[in-house]
Ligand SMILES: Nc1ncnc2c1ncn2[C@@H]1O[C@H](COP(=O)(O)OP(=O)(O)OP(=O)(O)O)[C@@H](O)[C@H]1O
Ligand SMILES: [Mg+2]
């Protein structure tokens with residue numbers, strides 16, 4: 037289980053402030069939405085919390101420990117051991133099968149699941165493990181990303197607009213899966229402009 041927090045976090049890109057003074061916390065079993073108008077910095081904040089983007093000021097803490105002086109090696113270890121990322125148009129290896137996408141060709145071993153089929157069933161992609169990811173719809177790709185996060189036993193899930201351009205049925209399915217992941221103790225942080233998803237998140241952080 038992992039706790040992610042930000043203390044007076046600020047990001048400036050090319051001298052322009054994207055946001056400043058963000059203080060928040062997302063712990064195990066918490067589902068948090070980062071909300072606000074387009075361009076306010078939701079994706080940027082998500083990347084900073086995921087240690088993808090270094091802060092300009094302030095700090096991101098993992099389990100209360102400052103990451104300010106973390107080496108690349110420490111950040112890689114965090115991504116490998118704890119984190120999963122779901123981006124709208126990213127993260128699925130189109131030319132490979134669903135099974136390959138779950139286990140990254142056997143590189144990932146799950147402590148919880150014996151076989152990738154088990155997580156594919158949870159997300160409603162059962163009996164499709166041999167298909168190429170390129171044939172999946174947008175919503176199915178998002179579900180594949182969640183299945184991989186579960187298989188990997190990730191402790192924190194960073195999702196950027198996971199319900200964007202989905203119909204209501206697929207959107208509801210994603211929300212239910214995020215709830216399930218949260219109920220299992222994951223810390224789930226989503227950047228979203230989807231009011232429906234934001235409403236489903238008990239914790240919200242609104243950027244101006
Ligand atoms: N690499 C970059 N170079 C220059 N500007 C950037 C970069 N990344 C983000 N920005 C700027 O930072 C601001 C916030 O962008 P960001 O993508 O975080 O917004 P957002 O809230 O996720 O928007 P949306 O709802 O449209 O996804 C924007 O003005 C954007 O142009
Ligand atoms: Mg965005």
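Numbering (my numbering), first residue to last: 37 to 244. Every residue gets a Cβ at the ideal spot worked out from N, C-alpha and C, and that includes glycine.
Buried or exposed: residue 152, going by 16 or more other Cβ atoms within 10 Å of its Cβ? Looking up residue 152 in the chain shown gives position 116. Residue 152 should be labelled buried.
Is the segment 217-228 touching the segment 49-57, taking contact as three or more C-beta pairs under 8 Å? no
Beta-ladder partner(s) of residue 93, from DSSP: For this step, residue 93 is matched to residue 57 along the chain shown. Answer by DSSP bridge pairing, in chain order: 46.
Where the beta strand (DSSP E) through residue 241 begins and ends: Position 205 of the chain shown, counted from the start, is the residue given in the question as residue 241. That run of the beta strand (DSSP E) goes 239-242.
Please name the residue in 168, 185, 198, 203 whose C-alpha comes closest to that of residue 178. For the purposes of this step, residue 178 is taken as the residue at position 142 of the chain shown. Comparing Cα positions, the closest option is 198.
For residue 196, three-class secondary structure by DSSP: Here residue 196 is taken as the residue at index 160 of the chain shown, counted from 1. Note: residue 196 maps to strand in three-state DSSP.
Return the Cβ separation of residue 175 and residue 210 in integer angstroms, given the expectation that the two are a contact with Cβ distance under 8 Å. Here the question's residue 175 lines up with position 139 in the chain shown. Here the question's residue 210 lines up with position 174 in the chain shown. With a Cβ gap of about 7 Å, residue 175 and residue 210 count as contacting.
Would a C-beta distance cut-off of 9 Å place residue 85 and residue 226 closer than the cut-off? Here residue 85 refers to the residue found at position 49 of the chain shown. Here residue 226 refers to the residue found at position 190 of the chain shown. Not in contact: residue 85 and residue 226 (Cβ atoms no closer than 9 Å).
Taking Cβ positions, are residue 37 and residue 240 nearer each other than 9 Å? Taking the chain shown and counting its residues from 1, the one referred to as residue 37 is at position 1. Taking the chain shown and counting its residues from 1, the one referred to as residue 240 is at position 204. No, Cβ-Cβ distance for residue 37 and residue 240 is not below 9 Å.
Is the beta carbon of residue 49 within less than 8 Å of some heavy atom of ligand 1? On the chain shown, residue 49 is found 13 positions in, with the first residue counted as 1. Checking every heavy atom of ligand 1 against the Cβ of residue 49, one is found closer than 8 Å.
Proximity test, residue 79 beta-carbon vs ligand 2 heavy atom, cut-off 8 Å: Taking the first residue of the chain shown as position 1, residue 79 is located at position 43. The answer is yes for residue 79.
Cβ neighbours of residue 213 in the same chain (closer than 8 Å, five flanking residues each side left out): The residue you call residue 213 lines up with position 177 of the chain shown. Within the same chain, residue 213 has close Cβ partners 158, 159, 179, 182.
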